[in-house]
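Colleague: A single structure is presented below for examination.
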Amino acid sequence: MEMMIIKAITNPIFWFALLAFGVVLLFVGKKMNILNNTAYAAAVSLVIVVAYFSIVDHYLMEMQGLDYWYLFRK
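Just so you know, we're using our numbering here: the sequence shown kicks off at 25 and counts up by one.
So this is what it looks like as structure tokens:
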């Protein structure tokens, strides 16, 4: 079970999906006028920032021949 979770989070497609989910939440929040709620806005911002950072860092390190996910592997 633990190995499946690690394998999932080390896949860039997971981070692209999480980024898309965050953008959808952003548009839903804007449409429903709930972006004024600080907790909602903070959660959506955190999802987008973490997903975007992980995607960019993964590809930048991969271009240099480094392994971004070495911290998660045993």
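A virtual CB, placed ideally from N, CA and C, is assigned to each residue, including glycine. Because the structure is a prediction, the values reported are computed rather than measured.
What is the DSSP secondary structure of residue 27, counted as helix, strand or coil?
Modeller: DSSP places residue 27 in helix when its eight states are reduced to three.
Colleague: Indicate the three-state DSSP secondary structure (helix, strand or coil) for residue 58 in the structure shown.
Modeller: Coil, per DSSP.
Colleague: From 35, 71 and 80, pick the residue whose C-alpha is nearest to that of residue 50; which is it?
Modeller: Minimum Cα distance to residue 50 is reached at 71.
Colleague: Answer with buried or exposed for residue 68, where buried requires no fewer than 16 other C-beta atoms within 10 angstroms of its C-beta.
Modeller: By the neighbour-count rule (16 or more Cβ atoms within 10 Å), residue 68 is buried.
Colleague: CA-CA distance, residue 3 and residue 55?
Modeller: The displayed coordinates of the chain run from 25 to 98. Any statement about residue 3 would go beyond what the structure contains.
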